[in-house]
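> Protein sequences, first through last, are from chains X and S.
First residue of the first sequence? That's 1 in our numbering, and the numbers climb one at a time after it.
First residue of the second sequence? That's 1001 in our numbering, and the numbers climb one at a time after it.
Glycine included, each C-beta is placed from N, C-alpha and C at the ideal position.
Input: one structure, supplied below.
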Amino acid sequence: MQADISLGKRLTSSIGKKIVVALTGLFLTLFLVVHLMGNLQLLKNDGGEAFNHYSEFMGHNPLIQTISKVNFAFILGHAIWGIFLAFKNRAARPTRYAVNKPGANSRWASRNMALLGTIVFVFIAIHLVNFYFTFHYGDIPTVDYRDAHSGELFRVKDYASVVQIGFQQLWIVAFYVVAMFALAFHLSHGIQSAFQTLGANNKEVSPTLKTIGYVLAYGLCALFAIIPVIMYIQNS
Amino acid sequence: MKFNLKIWRQKDANAQGKLVDYKIDNVSEDMSLLEMMDVLNDQLVRKGEEPVAFDHDCREGICGMCSMYINGRAHGPVKASTTCQLYMRNFTDGETITIEPFRAGAFPIVRDLAVTRSAFDRIIAAGGFVSVSTGQAQDANNTPIGKEEADKAMDAAACIGCGACAAACPNASAMLFVSAKVAHLSLLPQGQVERKERALAMINQMDEEGFGSCTNIGACEAECPKEISLENIARLNREYLWATVAK
Ligand code: HEM
Ligand code: SF4
Ligand code: FES
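Encoded structure:
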């Protein structure tokens, strides 16, 4: 038996590509959980204080900033490997079936991961321009808060107001909601698929892993989507 | 029963193929789809036309030869069935039935509905074997195997190499087939010697044949006539990961 296969070849083989997509995908999902925790503070009725403090902390903590760079690399890596995978898979069937009923044996989301991923990618790009780059490099108004203990005034950047202004535009709100649907479908297949790719599937654990996948996918995206909707309603 | 048939006709691997319409009458509901094809071919030959080429052998659901894509499904609409085990009573009278060959770059068409699945043979040749001597029949009892492992290995060994998994897979991936072979051998003591190389060698061959990569869509499991489980693919993924991480 000949199995003299280099590590590079193993990472780009059919299973290797999947392992890269799965590991980066799960990391990104974990990131989404943390990101959501932070964003939900926007819904607090405190004039943006909690969110502004949180953003200030995240933007200046060196550990968080390192993880953020890794996160960007993983988004790119995941997207590139994912697209590479999808193109190769399309090429594996040069002639299509004249009559095909894939709906009889599989879920729509599972068959359209690259399309859903691309929508998510476009969303991420627009989202970064809207907020990330503005937060980091834009001109941001400041706001003064009084410390509850000492009573002293101190000044922070009012990130929450940037978000608030953004979400006064209906098309941006609508775009965010649509993108979250795409992400929800992507993750509804993606999370359970990642566990399978990493080898976790048997009669005992699979039902639980699938449930975790669906709850995370739909729960995360519903909560993300509700933020712009509530902020829009509050401000109009 | 009578049917309108749309059958893929293609002279050879390089010719341009197309769906051709046929009408057939007086079909018994107890005929298998292959028997219906026999009747059609008999009529074609009598008219001096070329019969439709299709593969078949055992006609009892164990050889895996009868590859056909029927009404948009591998082996037709019935679960856990090969084409030879698909009966005309599973269709409605007067229905239009479209029959195409299994389509995958790695399954080139020989003629009409017949494709070559030699790619599967080359995948097996790359690692789907054991090279230790397992002795004579009576020596089998010298190697006790736990009930659970034996059951799982037997389930995986039920794969008949029909190719329905790759035909149904939107990625034309052969992972269910490869995983059944890898799981079958890696569960048994006789398969331990080459265990690590096996997953790597067979996947390497699968990729070279031009099959796609598994994205866990699950169409294969749903269409497999032997109901081979996706758990085998998870096992293959573990074998591959393990062979890569632990030298
Ligand atoms: C926040 C963003 C994203 C998250 C959390 C995420 C998550 C995941 C997860 C968990 C998987 C499953 C991995 C596996 O099957 O083993 C996956 C698969 C995939 N993702 Fe993403 N993804 C994201 C963005 C993207 C983007 C931007 C693209 C492409 C432009 C993309 C394309 C794909 C593709 C093609 C697959 C493979 C399909 C499959 O295995 O079924 N994803 N993603
Ligand atoms: S896994 Fe099932 S569908 Fe695939 S070749 Fe084996 S028996 Fe056929
Ligand atoms: S002819 Fe043998 S399985 Fe159908």
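List, in chain order, every chain S residue whose beta-carbon is nearer than 9 Å to that of X/G213.
Residue mapping note: residue 213 of chain X aligns to position 213 of the first sequence, counting from 1. Those within 9 Å of X/G213 in chain S number zero; the least Cβ separation is about 11 Å.
> S/T1092: beta carbon under 7 Å from a heavy atom of ligand 3?
The count along the second sequence starts at 1 and reaches residue 1092 of chain S at position 92. Answer for S/T1092: no, Cβ out of range of ligand 3.
> Can at least three beta-carbon pairs, one atom from the segment 202-212 of chain X and one from the segment 227-236 of chain X, be found at a separation below 8 Å?
No contact exists between the segment 202-212 of chain X and the segment 227-236 of chain X.
> Report the rounded CA-to-CA distance for S/K1181 versus S/C1159, giving the unit in angstroms.
Your numbering for residue 1181 of chain S matches position 181 in the second sequence. Your numbering for residue 1159 of chain S matches position 159 in the second sequence. So the two alpha carbons sit approximately 8 Å from each other.
> Under 7 Å between beta-carbons, which chain S residues line up against X/R10? List them in chain order, please.
What you label residue 10 of chain X is simply residue 10 of the first sequence in a count that begins at 1. Result: T1244.
> Can you list, in chain order, the residues of its chain whose CB lies under 6 Å from that of S/A1153, leaving out five sequence neighbours each side?
Within the second sequence, numbered from 1, the residue matching residue 1153 of chain S stands at position 153. So the list reads H1184, L1187, L1188, once near-sequence residues are dropped.
> Any beta carbon of chain S sitting closer than 8 Å to that of X/T66?
Here residue 66 of chain X is taken as the residue at index 66 of the first sequence, counted from 1. No, because no Cβ of chain S sits closer than 8 Å to the Cβ of X/T66.
> Closer than 7 Å, Cβ to Cβ, to anything on chain S: give me those residues from the segment 23-56 of chain X, in chain order.
If the cut-off is 7 Å between Cβ atoms, the segment 23-56 of chain X has nothing near chain S.
> Along the chain, which unbroken stretches of the alpha helix (DSSP H) at least 4 residues long are found entirely within the segment 1127-1213 of chain S?
Qualifying alpha helix (DSSP H) stretches, in chain order: 1147-1157, 1164-1168, 1175-1186, 1195-1208.
> Enumerate in chain order the residues of its own chain whose CB-to-CB distance from S/A1106 is below 8 Å, with the five nearest sequence positions on each side excluded.
Mapped onto the second sequence, residue 1106 of chain S falls at position 106. If we look at S/A1106 and ignore the five residues flanking it on each side, its Cβ neighbours are A1119, A1166, A1172, A1174, E1209, G1210, F1211.
> I need the DSSP call for X/F74, collapsed to helix, strand or coil.
In the first sequence, residue 74 of chain X corresponds to position 74, counting from 1. Of the three classes helix, strand and coil, the one that applies to X/F74 here is helix, per DSSP.
> How is the beta strand (DSSP E) around S/N1004 delimited, first residue to last?
Residue 1004 of chain S sits at position 4 when you count from the first residue of the second sequence. Residues 1003-1009.
> Relative to the alpha-carbon of X/A225, which residue among X/N39, X/F27, X/A22 has its alpha-carbon at the smallest distance?
Counting from one through the first sequence, the residue named residue 225 of chain X turns up at place 225. Out of X/N39, X/F27, X/A22, X/N39 has the C-alpha closest to the C-alpha of X/A225.
> Please determine whether the Cβ atom of S/D1038 lies at a distance below 7 Å from any heavy atom of ligand 3.
As a first step, residue 1038 of chain S must be located in the second sequence, where it is residue number 38. No, Cβ of S/D1038 sits at least 7 Å from all heavy atoms of ligand 3.
> Should the segment 1073-1088 of chain S be called in touch with the segment 1143-1151 of chain S, which here means at least 3 C-beta pairs below 8 Å?
Because the criterion of three Cβ pairs below 8 Å is not met, the segment 1073-1088 of chain S and the segment 1143-1151 of chain S do not touch.
> When the distance is taken between beta carbons, is X/K157 closer than 8 Å to S/C1214?
Position 214 of the second sequence holds residue 1214 of chain S. Position 157 of the first sequence holds residue 157 of chain X. Against a cut-off of 8 Å, the Cβ pair of X/K157 and S/C1214 comes out as no contact.
> According to DSSP, what are the bridge partners of S/S1032?
Translated into positions along the second sequence, residue 1032 of chain S becomes position 32. DSSP, once it has assigned bridges, lists S/Y1087 as partnering S/S1032.
> Which same chain residues, not among the five before or five after S/Q1190, have their C-beta less than 8 Å away from its C-beta?
For the purposes of this step, residue 1190 of chain S is identified with residue 190 of the second sequence, where counting begins at 1. The answer, listed in chain order, is V1130, V1132, T1134, T1143.
> I think S/A1168 touches X/N45, with their Cβ atoms under 8 Å apart; what is that distance to the nearest whole Å?
By 1-based counting over the second sequence, the position of residue 1168 of chain S is 168. By 1-based counting over the first sequence, the position of residue 45 of chain X is 45. 53 Å between Cβ atoms; not a contact.
> Roughly how many angstroms separate the alpha carbons of S/A1156 and X/L43, rounded to a whole number?
Your numbering for residue 1156 of chain S matches position 156 in the second sequence. Your numbering for residue 43 of chain X matches position 43 in the first sequence. Roughly 53 Å separates the two Cα atoms.
> Expressed to the nearest angstrom, what Euclidean distance is found between the alpha-carbon atoms of S/Q1043 and S/E1060?
In the second sequence, counting from the first residue as 1, residue 1043 of chain S sits at position 43. In the second sequence, counting from the first residue as 1, residue 1060 of chain S sits at position 60. Whole-angstrom Cα-Cα distance: 24 Å.
> In its own chain, which residues sit with a C-beta less than 8 Å from the C-beta of S/S1229, not counting the 5 before and 5 after it?
To locate residue 1229 of chain S, count along the second sequence from 1; it is residue 229. Around S/S1229: D1155, E1221.
> Compute the distance between the beta-carbons of S/S1179 and S/N1216, then report whether it is under 8 Å.
The residue you call residue 1179 of chain S lines up with position 179 of the second sequence. The residue you call residue 1216 of chain S lines up with position 216 of the second sequence. Going by C-beta atoms, S/S1179 is not nearer than 8 Å to S/N1216.
> Check the Cβ of X/S269 against every Cβ in chain S and list those closer than 9 Å, keeping chain order.
Absent from the structure is residue 269 of chain X, since the part of chain X shown begins at 1 and ends at 236.
> Do X/H305 and ligand 3 come close, with the Cβ less than 7 Å from some heavy atom?
Nothing about residue 305 of chain X can be read from this structure; chain X reaches only from 1 to 236.
> Counting only Cβ-Cβ distances shorter than 9 Å, please list the residues of the segment 79-102 of chain X near chain S, keeping chain order.
Result list: L85, A86, K88, N89, R90, A91, A92, R93, P94, T95, R96, Y97, A98, V99, N100, K101, P102.
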